[in-house]
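Trainee: Can you keep this structure in mind? I'll have questions shortly.
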Amino acid sequence: MRGAERCLEVFCELFPRADLFTLLHIPGSVSSIIESMNVRTSFIQRLPFLQQKYRYYLPLFPAAIERFDLRGYDLILSSSHCVAKGVKRPPGALHLAYVYTPMRYIWDLHDEYVAPARMGVLSRTLLRAEAPRLQRWDLASNSRVDYFIAVSGHAAARIRRHYGREADVIYPPVDIARFYPSKKVENYYLVVSGFAPYKRIDLAIEAFNRLGRPLWIVGGGQEDRRLRRQAGPGIRFLGRLPDPEIAELLARCKALVFPGEDEFGIVPIEAMASGRPVIAYGQGGALETVVPINSATCEVRSAKCEVPSVIPRTSDLAPPTGVFFYEPTSDSLMNALRLFEEHEGVFQTERLREHSLQFDRAIFRARIESFIQGTSKEWRETHPLTERPVASC
């Protein structure tokens with residue numbers, strides 16, 4: 189499962205009797221905890237070619253989420269990276285929106301998504317035509333949210349920039365117990381990622397093609413064909429793998445390569461829980477989770493770097509957990525790889541594992557439960573209760 193589904197799983201554990209509303213559901217694609225919920229889907233579920241072409245239905249997503257009738261619920265907890273936070277809130281209900289990111293493809297990453305090399309003519313034309321309307325809806329629907337919760341300080345900054353709203357920060361859960369260090373480290377670097385444009389797997393492939401280093405890639409997605417065409421003989425595609433196999437690959441890799449700018453990034457935490465260092469792009473959520481050996485001031489890294497003051501930066505005194513590259517180029521990544529190989533001995537397995545514990549699933553559950561209880565108590569003082577809670581995604 190992806191990070192969003194792992195957050196949703198915790199929400200379902202907190203509210204096992206809640207109703208779960210979702211645009212679409214593919215049975216067997218999520219955990220048994222989520223499958224056991226009372227799942228209600230939208231009209232999107234009945235449209236043809238759902239599994240292969242659901243992205244083409246993006247223009248219908250706002251209408252689909254607004255059709256859910258949530259009258260009778262006193263708590264709405266939305267898990268949103270697209271339209272879930274735009275659900276219509278009934279009078280008297282409290283709506284808490286856990287937001288992974290404002291929609292990347294209609295806001296600041298729109299041009300990257302519609303680049304000819306990444307998207308076909310039909311998809312590109314459709315997204316360009318719909319983006320202004322989706323932006324208007326995205327802004328208007330913010331009034332339906334009472335409290336925003338962001339997955340990171342970076343995500344909170346994007347919520348502030350695009351929505352003009354403040355967000356509390358609660359880092360998403362990582363199941364640290366699933367990962368373990370290995371005494372045997374093999375001669376390969378590893379990428380574990382969906383194949384979306386902003387993940388910048390193409391950057392990693394270009395750098396490793398040029399250096400001739402072995403790179404193994406776990407995952408799949410919309411850019412699969414393009415990335416395979418780009419790959420040289422040292423690049424190995426493993427496809428989508430079950431969690432136990434990913435854990436074993438993480439434990440034995442030289443280092444995880446994380447080339448994209450992500451709002452948080454769960455896989456780097458999983459790598460550190462496995463005792464392995466991370467080579468990451470020094471932007472986004474990585475600034476909050478990875479302690480680089482090549483630290484720099486925020487101003488030197490990039491003029492657009494934003495880390496809100498409510499989020500403590502990684503300490504210069506903390507043991508290092510990785511290496512950053514600060515420009516989104518293959519040259520910059522190659523330099524980071526060389527730096528890592530020069531200083532590979534400074535990374536201590538037990539310190540990497542220890543650093544990852546602060547992002548454990550139990551900590552997320554305690555923090556999100558405390559936040560819900562606190563805001564609900566505050567809300568009940570001024571609003572009458574109705575019937576029951578609901579988780580909405």
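With the working numbering as the guide, the letters of the sequence shown map in order to residues 189 to 581. For glycine and all other residues, C-beta sits at the position ideal for the given N, C-alpha and C.
#1: Which stretch, first to last residue, makes up the beta strand (DSSP E) that contains T210?
#2: Specify, as a first and last residue, the run of the beta strand (DSSP E) that H543 falls within.
#3: Can you list, in chain order, the residues of its chain whose CB lies under 7 Å from that of V466, leaving out five sequence neighbours each side?
#4: What residues in its chain sit with their C-beta under 6 Å from that of E566, if we drop five residues either side in the sequence?
#5: Please report the straight-line C-alpha distance between F425 and E451, rounded to a whole angstrom.
#6: If you run the structure through DSSP and keep just helix, strand and coil, what is I389?
#7: CB Y244 to CB I232, shorter than 8 Å?
#8: Between N482 and L527, which are expected to be in contact by the criterion C-beta below 8 Å, what is the C-beta distance as a whole number of angstroms?
#9: How would you write the range of the alpha helix (DSSP H) that L437 sits in, first residue to last?
#10: Is V534 buried or exposed, if buried means 16 or more other CB atoms sit within 10 Å of its CB?
#11: Does the Cβ-Cβ distance between L415 and I389 come in under 8 Å?
#12: What does the Cβ neighbour count give for D431, buried or exposed, with the cut at 16 atoms within 10 Å?
#13: Thinking C-alpha only, which one of P369, A419, R349, A338 is nearest P360?
#14: Taking C-beta to C-beta, are G470 and S340 nearer than 8 Å?
#15: Under 6 Å Cβ to Cβ from E193, same chain only, skipping five residues before and after it: list those, please.
#16: Do you know how far the Cα of T517 is from the Cα of G400?
#17: Whole angstroms are fine: how far does the CA of T289 sit from the CA of R228?
#18: With a threshold of 16 other CB atoms inside 10 Å of the CB of P215, please say whether the residue is buried or exposed.
#19: P320: buried (16+ other C-beta within 10 angstroms of its C-beta) or exposed?
#20: Buried or exposed, going by whether 16 or more other CB atoms sit within 10 Å of the CB of S220?
#21: Buried or exposed for E569, going by 16 or more other Cβ atoms inside 10 Å?
Mentor: On the basis of the coordinates in this document:
#1: Going by DSSP, T210 is part of the beta strand (DSSP E) stretching over 207-210.
#2: From DSSP, H543 is part of no beta strand (DSSP E) but of the alpha helix (DSSP H) over 537-544.
#3: Around V466: A443, L444, F446, P456, A459, M460, V478, T509, G510.
#4: Result list for E566: empty, nothing under 6 Å.
#5: Straight-line Cα distance between these residues: approximately 25 Å.
#6: If DSSP states are grouped into helix, strand and coil, I389 belongs with the helices.
#7: Not closer than 8 Å, so no.
#8: A Cβ-Cβ separation of about 6 Å places N482 in contact with L527 under the 8 Å criterion.
#9: DSSP places L437 inside the alpha helix (DSSP H), whose first and last residues are 431-440.
#10: It counts as exposed.
#11: Yes. Within cutoff.
#12: Only exposed fits D431, as fewer than 16 other CB atoms lie within 10 angstroms of its CB.
#13: Of all alpha-carbon atoms in P369, A419, R349, A338, the one lying nearest the alpha-carbon of P360 is that of A338.
#14: No, these two residues do not count as a Cβ contact at 8 Å.
#15: V218, listed in sequence order.
#16: Between the alpha carbons of G400 and T517 lies a gap of roughly 17 Å.
#17: One Cα belongs to R228, the other to T289, and the distance between them is close to 24 Å.
#18: Exposed.
#19: The residue is exposed, with fewer than 16 neighbouring Cβ atoms inside 10 Å.
#20: Counting C-beta atoms within 10 angstroms of its own C-beta, S220 has fewer than 16 neighbours from the protein chains shown and is therefore classed as exposed.
#21: So E569 counts as exposed.
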